[in-house]
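> Heads up, the sequence shown is in numbering that gives the first Met the number 0, so the first residue is 0 and it goes up one at a time. Cβ coordinates follow ideal geometry from the N, Cα and C atoms, glycine included.
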Amino acid sequence: MSVRRYGNDRMPVVIMNRQTILNPTLSTTARLLYAVLAASLDEDLDLDHVARLAGLNDAEEIRPFIAELETVGIVDLKDHEGRGEIITVREMPLVPEQRSHPCIPCEDCGECSCEYIKGLCRACCTIRDERARAHADIARWKQQLDAGATYAIGSGGTRLHRWDCPTLSSPEARLLALEAQVPHAEGGYMHWSKLPMLYTAEELRAKGTRKKHCATCGPDPL
Ligand SMILES: [Zn+2]
Ligand SMILES: [Zn+2]
Ligand SMILES: [Zn+2]
């Protein structure tokens with residue numbers, strides 16, 4: 000079982016809900032447990048440790064007190080798709096009508112999406128965004144090519160290439176590289192590398208470009 004904050008900010012201070020700490024209907028242990036849980040979020044304390052700080056013997060003993068805190072909507076313990084049991088700790092209590100929802104699995108991967116956009120987890124959101132960026136960029140590149148732009152300026156901006164120069168990676172190769180990054184999307188490490196801008200000979204003449212011509216593809220002289 001793990002513990003998480005609703006939201007992601009790491010802070011050197013603890014913010015907790017006043018009404019919960021001052022609620023006389025909650026047991027002393029439940030209120031102390033809430034304070035310790037809130038304080039433990041950025042510290043990676045295991046639940047046995049948290050339980051002991053709240054005067055209990057081990058993690059199993061916290062369940063009835065979690066149940067007490069659930070009645071006021073400040074903490075909840077749920078089974079989340081693909082992640083198991085998680086205690087979610089809030090700074091503000093949920094109002095009763097928000098409390099009963101079960102775990103909402105991600106539309107794309109089926110794992111829990113409760114701590115991000117409900118219905119789409121953080122990783123899948125990154126994957127969707129980068130794929131959309133890729134498709135828009137490929138569409139732009141194809142449109143330029145269809146319009147007769149057959150010269151490319153590489154990412155370094157130093158050389159002039161033919162659009163299909165083997166030293167420039169193709170849309171297909173870039174898509175494969177993008178898909179290979181899918182396992183790293185969780186950490187946000189997924190990035191579409193943009194295709195080069197394409198130009199027609201007229202555009203380059205108008206720009207008065209004096210770039211060196213790539214020796215590999217040998218673009219037509221301007
Ligand atoms: Zn969930
Ligand atoms: Zn997902
Ligand atoms: Zn080239």
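Consult DSSP for C124 and reduce its assignment to one of helix, strand or coil.
The answer is helix: DSSP assigns C124 an H, G or I state.
> Classify D219 as helix, strand or coil using the three-state DSSP reduction.
Residue state, collapsed to three classes: coil.
> Under the three-state reduction of DSSP, which class applies to P195: helix, strand or coil?
In this structure, P195 counts as coil in the three-state DSSP scheme.
> Once the 5 residues before and after R121 are set aside, which same chain residues still bring their CB inside 6 Å of it?
Excluding sequence neighbours, R121 sits near Y115.
> Considering E178, what are the terminal residues of the alpha helix (DSSP H) in which it resides?
Note, E178: alpha helix (DSSP H), P170 to A179.
> Looking at C102 and ligand 4, is the gap between the Cβ and the nearest heavy atom below 8 Å?
Looking at this structure, you won't find ligand 4 anywhere; what it does contain is ligand 1, ligand 2 and ligand 3.
> Mapping DSSP to helix, strand and coil, what is L36?
L36 falls in the helix class under three-state DSSP.
> Within 10 angstroms of its Cβ, does Y33 collect 16 or more other Cβ (buried), or is it exposed?
Classification of Y33: buried, given that the 10 Å Cβ count is 16 or more.
> Bridge partners for I73 per DSSP, in chain order?
According to DSSP, which records beta bridges pairwise, I73 is partnered with nothing at all.
> Per DSSP, which one or two residues make a beta bridge with R3?
According to DSSP, which records beta bridges pairwise, R3 is partnered with T87.
> May I ask which residues mark the beginning and end of the alpha helix (DSSP H) holding A148?
Per DSSP, A148 belongs to no alpha helix (DSSP H) and is neither H nor E.
> So is the beta-carbon of E80 under 8 Å away from any non-hydrogen atom of ligand 1?
Because some heavy atom of ligand 1 lies under 8 Å away, the Cβ of E80 counts as near it: yes.
> What's the C-alpha gap between H48 and A131?
Going from the Cα of H48 to the Cα of A131 covers about 44 Å.
> Assuming K210 contacts L159 (C-beta within less than 8 Å), just tell me the rounded distance between them.
4 Å between Cβ atoms; contact.
> Would you identify the three-state DSSP class for K206, choosing helix, strand or coil?
Here K206 sits in helix by DSSP.
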